[in-house]
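J.: The following block contains the structure, expressed as structure tokens.
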Amino acid sequence: MLEELKSKSVNMSSLVETYDAAHSSDEFFKRSLRDLINKSKEESIKDVRGQRQPISINDESDFENIVEAIYRIRCNLFHGGKDANDLRDQVLVQDAAMILRQWIGKLVGSWG
């Protein structure tokens, strides 16, 4: 499913559309996305399992790496790769959470 989303598969159109809606209209989303991009350029986002190469997000149109970064942050948080006392980790988790909150909020709002 993650690969389908990253490739913007037609099966994922509602997720892609709501991402685009959040990106075009939500200032919290945009600020968090810019912060995440900048943090990934300062130091790439690693896969704590060591199965994938570290990534940096090129820019706001780099949807594939944005999705991968959010997924990695989530995995690292739940599987021991994030330290609650590390400032960078706190910022990464906060940015990813804000992006998801606004994105999923747009998705849920589209249902009603």
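The numbering of the sequence shown is UniProt numbering, which starts it at 1 and goes up by one.
All C-beta atoms in this analysis are idealised placements derived from N, C-alpha and C, irrespective of residue type, glycine included.
By DSSP, does isoleucine 55 sit in helix, in strand, or in coil?
T.: Within the sequence shown, residue 55 is the residue found at index 55, counting from 1. Strand at isoleucine 55.
J.: What are the partner residues of isoleucine 45, as DSSP defines its beta bridges?
T.: Counted from its first residue, the sequence shown places residue 45 at position 45. Note: isoleucine 45 sits in a beta bridge opposite Ile55.
J.: Pick out whichever of Asp59, Val93, Pro54 and Ser61 has its Cα sitting closest to the Cα of isoleucine 73.
T.: Stepping through the sequence shown from its first residue, residue 73 is reached at position 73. Selected option, being the one with the closest Cα: Val93.
J.: Just to confirm, is the Cβ distance from alanine 69 to alanine 96 under 9 Å?
T.: One-based indexing of the sequence shown puts residue 69 at position 69. One-based indexing of the sequence shown puts residue 96 at position 96. For alanine 69 and alanine 96, yes; Cβs fall inside 9 Å.
J.: Check this for me: beta carbons of leucine 36 and isoleucine 66, under 9 Å apart or not?
T.: Against the sequence shown, residue 36 aligns to sequence position 36. Against the sequence shown, residue 66 aligns to sequence position 66. Yes, these two residues count as a Cβ contact at 9 Å.
J.: Note down the Cα distance separating asparagine 85 from asparagine 58, rounded to an integer number of angstroms.
T.: Translated into positions along the sequence shown, residue 85 becomes position 85. Translated into positions along the sequence shown, residue 58 becomes position 58. The straight-line gap from Cα to Cα measures roughly 27 Å.
J.: Pick helix, strand or coil for alanine 22, following the three-state DSSP scheme.
T.: As a first step, residue 22 is located in the sequence shown; it is residue number 22 there, counting from the start. The answer is helix: DSSP assigns alanine 22 an H, G or I state.
J.: Where glutamate 17 and tyrosine 71 are concerned, what is the direct C-alpha to C-alpha distance, given to the nearest angstrom?
T.: Here the question's residue 17 lines up with position 17 in the sequence shown. Here the question's residue 71 lines up with position 71 in the sequence shown. Taking the straight line from one Cα to the other gives about 19 Å.
J.: Can you check whether the CB of leucine 5 is closer than 9 Å to the CB of tryptophan 103?
T.: Your numbering for residue 103 matches position 103 in the sequence shown. Your numbering for residue 5 matches position 5 in the sequence shown. Result no, Cβ atoms of tryptophan 103 and leucine 5 do not sit closer than 9 Å.
J.: Quick one, are the C-beta atoms of lysine 39 and arginine 88 less than 9 Å apart?
T.: Translated into the one-based positions of the sequence shown, residue 39 becomes position 39. Translated into the one-based positions of the sequence shown, residue 88 becomes position 88. Contact: yes.
J.: Compare the beta carbon distance of lysine 106 and alanine 22 with 9 Å and say whether it is the shorter of the two.
T.: For the purposes of this step, residue 106 is identified with residue 106 of the sequence shown, where counting begins at 1. For the purposes of this step, residue 22 is identified with residue 22 of the sequence shown, where counting begins at 1. In contact: lysine 106 and alanine 22 (Cβ atoms closer than 9 Å).
J.: Specify the secondary structure class of methionine 98 as computed by DSSP and reduced to three states.
T.: What you label residue 98 is simply residue 98 of the sequence shown in a count that begins at 1. Note: methionine 98 maps to helix in three-state DSSP.
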